[in-house]
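**Student:** Here our numbering is used: position 617 in the sequence shown is 652, and no number is missing along the way.
Glycine included, each C-beta is placed from N, C-alpha and C at the ideal position.
If you're wondering where the values come from, they're calculated on a predicted model, not measured in any experiment.
First the structure, which I've put down as structure tokens, then a few questions once you've had a look.
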Amino acid sequence: MAVQPSASASTPDANPFDLAWTAPFEAPPFEAIRPEHFEPAFDAALAAHRAEIEAIATDPAAPTFANTIAALERSGRALSKVSAVFHVLAGAHTNDALLTLERNLSPRLAAHANAIRTDGRLWARIVALGDGAELPPEDARVLERYRVTFRRSGAGLDAAAKARLAEITTRLATLGTTFSQNVLADEQSFVLVLNDEADLDGLSASAREEAKTAAAERGHPGKYAITLARSSVEGFLRSAERRDLREQAFKAWAARGESGGPTDNTAVIAETVRLRAERARLLGYDSFAAFRLEDAMAKTPEAVRALLDRVWTPARARALADRDAMQEMIRAEGGNFALAAWDWRFYAEKLRKARYGIDEEEVRPYLPLERMIAAAFDTAGRLFGLGFAERHDVPVWHPDVRVWEVTGPGGATVGLFFGDYFARSSKRSGAWMTSLRKQEKLDGTVLPLIVNVMNFAKPAPGEPALLSFDDARTLFHEFGHALHGLLSDVTYPTISGTSVATDFVELPSQLYEHWMEHSAVLKRFARHAVTGEPMPDDLIARLARARTFGQGFATVEYVASALVDLDLHVLSPEAAAEVDPKAFERDSLARIGMPEEIVMRHRTPHFTHVFSGGGYAAAYYSYMWSEVLDADAFAAFEETGDVFDPVVAKKLKDFVYAAGGARDPVDAYVAFRGRLPEADALLKKRGLTEAAA
Numbered sequence: 036m037a038v039q040p041s042a043s044a045s046t047p048d049a050n051p052f053d054l055a056w057t058a059p060f061e062a063p064p065f066e067a068i069r070p071e072h073f074e075p076a077f078d079a080a081l082a083a084h085r086a087e088i089e090a091i092a093t094d095p096a097a098p099t100f101a102n103t104i105a106a107l108e109r110s111g112r113a114l115s116k117v118s119a120v121f122h123v124l125a126g127a128h129t130n131d132a133l134l135t136l137e138r139n140l141s142p143r144l145a146a147h148a149n150a151i152r153t154d155g156r157l158w159a160r161i162v163a164l165g166d167g168a169e170l171p172p173e174d175a176r177v178l179e180r181y182r183v184t185f186r187r188s189g190a191g192l193d194a195a196a197k198a199r200l201a202e203i204t205t206r207l208a209t210l211g212t213t214f215s216q217n218v219l220a221d222e223q224s225f226v227l228v229l230n231d232e233a234d235l236d237g238l239s240a241s242a243r244e245e246a247k248t249a250a251a252e253r254g255h256p257g258k259y260a261i262t263l264a265r266s267s268v269e270g271f272l273r274s275a276e277r278r279d280l281r282e283q284a285f286k287a288w289a290a291r292g293e294s295g296g297p298t299d300n301t302a303v304i305a306e307t308v309r310l311r312a313e314r315a316r317l318l319g320y321d322s323f324a325a326f327r328l329e330d331a332m333a334k335t336p337e338a339v340r341a342l343l344d345r346v347w348t349p350a351r352a353r354a355l356a357d358r359d360a361m362q363e364m365i366r367a368e369g370g371n372f373a374l375a376a377w378d379w380r381f382y383a384e385k386l387r388k389a390r391y392g393i394d395e396e397e398v399r400p401y402l403p404l405e406r407m408i409a410a411a412f413d414t415a416g417r418l419f420g421l422g423f424a425e426r427h428d429v430p431v432w433h434p435d436v437r438v439w440e441v442t443g444p445g446g447a448t449v450g451l452f453f454g455d456y457f458a459r460s461s462k463r464s465g466a467w468m469t470s471l472r473k474q475e476k477l478d479g480t481v482l483p484l485i486v487n488v489m490n491f492a493k494p495a496p497g498e499p500a501l502l503s504f505d506d507a508r509t510l511f512h513e514f515g516h517a518l519h520g521l522l523s524d525v526t527y528p529t530i531s532g533t534s535v536a537t538d539f540v541e542l543p544s545q546l547y548e549h550w551m552e553h554s555a556v557l558k559r560f561a562r563h564a565v566t567g568e569p570m571p572d573d574l575i576a577r578l579a580r581a582r583t584f585g586q587g588f589a590t591v592e593y594v595a596s597a598l599v600d601l602d603l604h605v606l607s608p609e610a611a612a613e614v615d616p617k618a619f620e621r622d623s624l625a626r627i628g629m630p631e632e633i634v635m636r637h638r639t640p641h642f643t644h645v646f647s648g649g650g651y652a653a654a655y656y657s658y659m660w661s662e663v664l665d666a667d668a669f670a671a672f673e674e675t676g677d678v679f680d681p682v683v684a685k686k687l688k689d690f691v692y693a694a695g696g697a698r699d700p701v702d703a704y705v706a707f708r709g710r711l712p713e714a715d716a717l718l719k720k721r722g723l724t725e726a727a728a
């Protein structure tokens, strides 16, 4: 619930960013912050940061860690404060004013960051510090990260190259914002209204109520509606009997960002790929992928492709076997059509029920949102000694947002956790973790304010929110990221929490999913939303037997996306200049033999991981790279006979969740496990070992 404005945040005509924040934990006064406050707040914060940087760069004293690296770590705190609030709102509760601000601010912020990282005076001071061999380990690691970041930003280039890099950086920021806003516009503009009882065939009572709530929010009270929120459209594709409506919903979902109109992302993708390749060439790399992967665990595009290729062949074989089984099911039912992409989830659900006696509507009542939140919290308590107490006095950006105070084993406060669980038209699709404030202790203890954003279907008033098994897994996944932020115990902001290599950052989140699926957790927390009865042992056993069902499909749709991402970013600048994104996607998929009945999990026109700011550009493979680690990491618990083994849990906390980026990720994993894993662990987890053989 929203709270009343605090006195300091409600002064008439005052900008909340200019005032002390007096809410608990100095949380942002969301009830007082309006769109018009951001531009002056950014202006002041940017000016302050520039002054701080100038003071460091012109310091007449000889460079030291304290007057250069630690000073850089202290700089920009006002900018971090306003940026964190803005980006939470821009993703989770946006409006036209914020969208306009985002378009205007993104190139300014990119240019500001680029100017700092290419400042020759700062670079000279960093170089003068050497390799930091005499420093404490954490200080040496932070120095190393600055050396790498400045070098890879072009700090050592000549003036002409720096000027061109600045142009590219600013333009890429604009393109990334345009891309994400185009996808959001397409998601907001589509609604499939279900007009009569026949349109609802196959939908459960709870799914109908969720569709009714969605219709009311989209301006169709009394009707039912399917939106392009993943939980809405995927649930519809699994259960709707009307094949023509499934086709309509699926095609709209798959075509986001490819409308041919003003929100079409084709030209945005082409220019983005070209500029990234040019940027890499200026920095001395053959391709953007080579540039990006040098600072990752994988190191090279060849290593990434080797992993993806190893998984692709058995996954494709398993998916084709399931396709043939579903086609036979269609034939047996008297259907005279070929299985299509909009049929896959519907018939896969039938096939799962036939093989294992499970359907999603049998499972969902046992996975109410409240119980799954409690399960995630309890798991964190058993592993890491954390406690969670809901607070109702902390400001939030929407009435649906909830807040918990998180405490450690001794009762001391660790931080705040914000959960924003339901889909709405003002929210971008997907699920993610972010922060309003990162943990650090450079000048005293700074507690983290960590955010999880989901897009679960909102139930009718008074009804429980029911999750699919995949939804529950997503909740645990994002909470694993949240724990990475909450448990962080480092000195410097640069290495705090999730500030690690992209192909390591998914380890804490994907590992956490294992506990959600474990019988020990399901037996305790999977309880019927109405009766309170525990999930039957027989159903838990059937879920365990069906754990790897559909992994051929899931792996194919994921690996196809990762390979297209890699293919686009291994292009030379010359090849990138000629790329046609639509033809490239088609040809790339043809080369690997993509089954025509399966569509990439993220087609390029709406691949926000890769083209909305580029956080996962040339790095979407990271989920699978981390899965090799998480499969092996959970085995460390299983080998003890106790999935909550306290000795293993302490090592996991110390070397993974709490360590942030204080170590190289290879060293961090080896410190936890004693060795690096092989890909066999991943194949076994996904049930693809036999297909690989």
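Is it buried or exposed for His516, if we count other Cβ within 10 angstroms and need 16 for buried?
**Tutor:** Label assigned to His516: buried.
**Student:** Name the two residues that bound the continuous beta strand (DSSP E) containing Phe419.
**Tutor:** Looking at the DSSP string, Phe419 is not in any beta strand (DSSP E); the run it does join, the alpha helix (DSSP H), is Leu404 to Phe419.
**Student:** For a minimum of 4 consecutive residues, which ranges assigned as the alpha helix (DSSP H) are wholly contained in the segment 303 to 340?
**Tutor:** The segment 303 to 340 contains these whole alpha helix (DSSP H) runs: 323 to 329.
**Student:** To the nearest angstrom, how far is the alpha carbon of Ala621 from that of Val634?
**Tutor:** Per the sequence presented here, residue 621 reads as Arg, with Ala not at that position. Straight-line Cα distance between these residues: approximately 11 Å.
**Student:** Given Val525, which residues of its chain have a CB within under 6 Å of its CB, disregarding the five upstream and five downstream residues?
**Tutor:** Around Val525: Ser531, Gly695 and Ala697.
**Student:** Quick one: complete alpha helix (DSSP H) runs, 4+ long, within the segment 464 to 489?
**Tutor:** Qualifying alpha helix (DSSP H) stretches: none in this window.
**Student:** Is it true that the segment 47 to 55 meets the segment 69 to 78, where meeting means three or more beta-carbon pairs spaced less than 8 Å apart?
**Tutor:** Because the criterion of three Cβ pairs below 8 Å is met, the segment 47 to 55 and the segment 69 to 78 touch.
**Student:** Pairs of beta-carbons, one from the segment 314 to 323 and one from the segment 598 to 613, closer than 8 Å: are there three or more?
**Tutor:** Judged by Cβ distances under 8 Å, the segment 314 to 323 makes contact with the segment 598 to 613, as three or more pairs qualify.
**Student:** Pick helix, strand or coil for Tyr401, following the three-state DSSP scheme.
**Tutor:** Of the three classes helix, strand and coil, the one that applies to Tyr401 here is helix, per DSSP.
**Student:** What three-state label does DSSP hand Ala249 in the structure shown?
**Tutor:** Here Ala249 sits in helix by DSSP.
**Student:** Within 10 angstroms of its Cβ, does Lys493 collect 16 or more other Cβ (buried), or is it exposed?
**Tutor:** Lys493 is buried by the Cβ-count criterion.
**Student:** Which class does Arg698 belong to by DSSP, given the choice of helix, strand or coil?
**Tutor:** Coil, per DSSP.
**Student:** Does the segment 195 to 211 come close enough to the segment 131 to 148 to have 3 or more Cβ pairs within less than 8 Å?
**Tutor:** Yes, the segment 195 to 211 is in contact with the segment 131 to 148.
**Student:** To the nearest angstrom, report how far apart Arg459 and Glu552 are at their CA atoms.
**Tutor:** Cα to Cα, Arg459 sits roughly 28 Å from Glu552.
**Student:** Ignore the nearest five residues each way along the sequence and tell me which others in Ala220's own chain have a CB closer than 6 Å to its CB.
**Tutor:** The residues are Thr298.
**Student:** Would you kindly report the start and end of the unbroken alpha helix (DSSP H) that includes Ile161?
**Tutor:** Gly155 to Ala163 is the span of the alpha helix (DSSP H), which, as asked, contains Ile161.
**Student:** With burial defined as no fewer than 16 other Cβ atoms inside 10 Å of the residue's Cβ, what is the status of Leu711: buried or exposed?
**Tutor:** The residue in question, Leu711, is exposed, as its Cβ has fewer than 16 Cβ neighbours within 10 Å.
**Student:** What are the boundary residues of the beta strand (DSSP E) that includes Tyr259?
**Tutor:** Start and end: Tyr259 to Ile261.
**Student:** What is the rounded straight-line gap between the Cα of Phe100 and the Cα of Ala190?
**Tutor:** So the alpha carbons of these two residues sit roughly 19 Å apart.
**Student:** Classify Ser224 as buried or exposed, calling it buried when 16 or more other Cβ atoms lie within 10 Å of its own Cβ.
**Tutor:** That one is exposed.
**Student:** State the DSSP-derived secondary structure class of Phe453, mapped to helix, strand or coil.
**Tutor:** In this structure, Phe453 counts as strand in the three-state DSSP scheme.
**Student:** Which residues in the same chain as Ala284 place their Cβ atom closer than 7 Å to its Cβ, once the five residues preceding and following it in sequence are excluded?
**Tutor:** Cβ within range, chain order: Leu227, Ile261, Val268, Phe271 and Leu272.
**Student:** Check whether the Cβ of Glu395 sits closer than 6 Å to any heavy atom of the ligand PLP, and report yes or no.
**Tutor:** You won't find the ligand PLP in this model; it holds no ligand whatsoever.
**Student:** Put Thr442 into one of helix, strand or coil per three-state DSSP.
**Tutor:** Looking at Thr442 - three-state DSSP - the assignment turns out to be strand.
**Student:** So Glu810 is in the alpha helix (DSSP H); what residue range does that whole segment cover?
**Tutor:** Because residue 810 is not part of the residues shown, which for the chain are 36 to 728, the question remains open.
**Student:** Assuming Val339 contacts Tyr651 under a Cβ cut-off of 8 Å, what Cβ separation, rounded to an integer in Å, is found between them?
**Tutor:** Val339 to Tyr651, Cβ: 12 Å. No contact.
**Student:** I think Thr301 touches Pro616, with their Cβ atoms under 8 Å apart; what is that distance to the nearest whole Å?
**Tutor:** Their Cβ separation, rounded to whole angstroms, is 5 Å, which keeps Thr301 and Pro616 in contact under 8 Å.
**Student:** Can you give me the C-alpha to C-alpha distance between Arg311 and Phe323, rounded to a whole angstrom?
**Tutor:** Arg311 and Phe323: Cα-Cα distance of roughly 6 Å.
**Student:** What alpha helix (DSSP H) runs, 4 residues minimum, are completely inside the segment 83 to 142?
**Tutor:** Fully enclosed alpha helix (DSSP H) runs of 4 or longer: 106 to 109 and 112 to 127.
**Student:** Consult DSSP for Pro499 and reduce its assignment to one of helix, strand or coil.
**Tutor:** Pro499 falls in the coil class under three-state DSSP.
**Student:** Rounded to whole angstroms, what's the CA-CA distance from Ala96 to His84? Just pull it up for me.
**Tutor:** Spanning the two alpha carbons is a distance of roughly 20 Å.
**Student:** Using the three-state DSSP reduction, which class does Pro51 fall into: helix, strand or coil?
**Tutor:** DSSP places Pro51 in helix when its eight states are reduced to three.
**Student:** Would you identify the three-state DSSP class for Asp665, choosing helix, strand or coil?
**Tutor:** In the structure shown, Asp665 sits in a helix (DSSP, three-state: H, G or I).
**Student:** Per the DSSP calculation, Arg562 is bridged to which residue(s)?
**Tutor:** BP columns for Arg562 point to Pro569.
**Student:** Since Thr675 sits in a beta bridge, which residues does DSSP pair it with?
**Tutor:** Thr675 pairs with nothing; no bridge assigned.
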